[in-house]
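Beneath this line is the structure, given in structure tokens, with notes to follow.
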Amino acid sequence: MTFSPHRRLAVGATLIAAIVGGVAPAATAHAATAAPSAPAASHAAAWAAPAPDMEGVVAALNAAMANGAPGAMARYTGPEGVQTRAVGVRDRVSGAAMDSRARFRVGSVSKTFSSVVLLQLADEGRVELDAPVNRYLPGLLPDERITVRHLLTHRSGLADYTDKMFAQTVPGFESVRNRVFGYRELVDLSLSEPRTTEPGAAYKYSNANFVVVGMLIEEITGKPVGQEYERRIIKPLRLRNTAYVHPDTRVEGLHVRGYLHPDEAGAPLVDSTEQTVSWAQSAGAVISNPADLNTFMTALMRGRLLSPRMLDAMTTVTPTDATNTRFYGLGLRRYDLSCGTQVYGHTGTVQGYYTYAFATRDGRRGLSAMANTSNRGAANTALGGSLEAAFCGKKPAAAASSSRAVRGVPVLPAEADLPERR
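So the sequence shown is numbered by this note's numbering: it starts at 34 and just counts up by one.
Here is the structure:
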């Protein structure tokens, strides 16, 4: 296990619960056992991973509920087996309990799917990461310096068109809920805004980057991006509850309903489950469930989807902020936790859903978590506490009781994958 010399990301689940300061709702627990894989002797001798703190995971889920989510759930997988937890409801009208088997919109976790497909194409010699985007999509971008790698690392300088699209959260959503965009329409929306940086100069998250990634995939393969997800990821990994759903508005089968918070305090939640997600497409239109997300992220980290060379490229990261605990690679985040563990994956925000899907670099441990709300940053931050609890285990009593920091590291707000006003 690699230890970073930097300060660690610490959003402890127990701390989050203390910050909320309310009585947490009762949790429903589901547990399953899986045959643990034997750790490598050298790995076990060097460092024994702490057991997951599932009470801390539940505290994080309850904290997300206390901050406005109707329900939340998490699924941990590791040498100890599979453990799932769920709180609250997946449907506010029927009162159906949250169910860890249910499907939901994963938002920007879709970016990792898109990145894997494009990196597979690079493995096949069909695209070069440091080639200009315009080599493959002639005339699309006004700057020949923007490379494929710049898109995958959010360093192209292309403005995020969703900033303007969702300047007013609910009206913006309702204006695109049933709309079907073409890729070029979305790129044109981005190009109508000033660029944010010079190509390669700085990290600036933008959904426009992965819209162009989708265009590249379709141009190079001659197939819709959803078919490439299916052929290259979903079928090989047997992800039975994962699909690219666009422009159909439905989430089929057992699923979680999503609830969007309006910008106005006290306004009723908006059921945002049905939508085309055409405003995101290859940047955010995947639907999945916790088990499939665990399988995807752990398989990716174990090298089942990419060559060692491409996986090394994907996991080569640069900081996204000044904390030295948050980083971005090629369509992949890295968080450095308080215990020294580094986890790779992605966060996701789409109207009505927050998602975390992460795994250790060796792929032996993974966590996926979801809360069925959005435009409620405190709920997203609270949900992130599930990472600390799952991968770092129980905190010392002194650290857990602090209301300001865990092991001297301040609590950090969740990273935004979509503009939010609350």
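Glycine included, each C-beta is placed from N, C-alpha and C at the ideal position.
Can you give me the start and stop residues for the alpha helix (DSSP H) that residue i sits inside?
i, result
"Q153", "143-156"
"F214", "Per DSSP, F214 belongs to no alpha helix (DSSP H) and is neither H nor E."
"R342", "341-347"
"E252", "240-254"
"A447", "Run containing A447: none; DSSP gives neither H nor E here."
"S419", "410-425"
Between residue i and residue j, which are expected to be in contact by the criterion C-beta below 8 Å, what is the C-beta distance as a whole number of angstroms?
i, j, result
"S147", "I250", "7 Å"
"G399", "A447", "The pair is not a contact, with the Cβ atoms about 19 Å apart (cut-off 8 Å)."
"R123", "V289", "4 Å"
"M284", "R136", "Looking at the sequence shown, residue 284 is not Met but Val. Correct: roughly 6 Å between the Cβ atoms."
"M347", "L370", "Not confirmed; about 20 Å, so no contact."
"A423", "Y109", "5 Å"
"A412", "A102", "5 Å"
"F199", "P452", "5 Å"
"E226", "L170", "Their Cβ separation, rounded to whole angstroms, is 19 Å, which puts E226 and L170 out of contact at 8 Å."
"P323", "M403", "7 Å"
"G89", "K427", "7 Å"
"E261", "T282", "Between T282 and E261 the Cβ distance is about 22 Å, and since that is not below 8 Å, they are no contact."
"L185", "L151", "7 Å"
"M343", "D163", "With a Cβ gap of about 14 Å, M343 and D163 do not count as contacting."
"Y361", "G140", "Not a contact, Cβ separation roughly 16 Å."
"S143", "A192", "The pair is not a contact, with the Cβ atoms about 20 Å apart (cut-off 8 Å)."
"T275", "V319", "7 Å"
"T406", "M334", "Incorrect: roughly 29 Å between the Cβ atoms, too far for contact."
With a threshold of 16 other CB atoms inside 10 Å of the CB of residue i, please say whether the residue is buried or exposed.
i, result
"S208", "exposed"
"R159", "exposed"
"T351", "exposed"
"P204", "exposed"
"G336", "exposed"
"R182", "buried"
"R212", "exposed"
"P83", "exposed"
"D325", "buried"
"S133", "buried"
"Q314", "buried"
"A300", "exposed"
"S127", "exposed"
"D450", "buried"
"A92", "buried"
"A390", "buried"
"T180", "buried"
"R273", "exposed"
"R188", "buried"
"A67", "Summary for A67: the model assigns pLDDT 36, below 50, so the residue's position carries little reliability; its value from the coordinates is reported in the next sentence. Exposed is the call here."
"S75", "In this predicted model, S75 has a pLDDT of only 34, less than 50, meaning its place in the structure is not dependable enough to derive any value."
"E421", "buried"
"D86", "buried"
"T380", "buried"
"A458", "Because the chain is modelled from 34 through 455, residue 458 falls outside the range shown and cannot be assessed."
"R366", "buried"
"G286", "exposed"
"T117", "buried"
"Q201", "exposed"
"A97", "buried"
"P269", "exposed"
"R138", "buried"
"A105", "buried"
"R168", "exposed"
Just grab the DSSP bridge partners of residue i for me.
i, result
"M98", "The partner list for M98 (beta bridge, DSSP) is empty, contrary to what the question assumes."
"T202", "In the DSSP output, where bridge partners are listed per residue, T202 has none listed."
"A130", "V122"
"Y361", "T351, R366"
"P165", "T180"
"R138", "I320"
"S208", "S208 is not bridged to any residue."
"S225", "Bridge partners of S225: none, in fact."
Could you check where the beta strand (DSSP E) with residue i kicks off and where it finishes?
i, result
"A404", "399-404"
"V376", "375-383"
"R182", "That residue, R182, is in no beta strand (DSSP E); its alpha helix (DSSP H) goes 181-185."
"A390", "386-393"
"R188", "No beta strand (DSSP E) holds R188; DSSP gives it neither H nor E."
In chain order, each beta strand (DSSP E) run of at least 3 residues that lies wholly inside the region 258-339:
Here the runs fully enclosed are 319-321.
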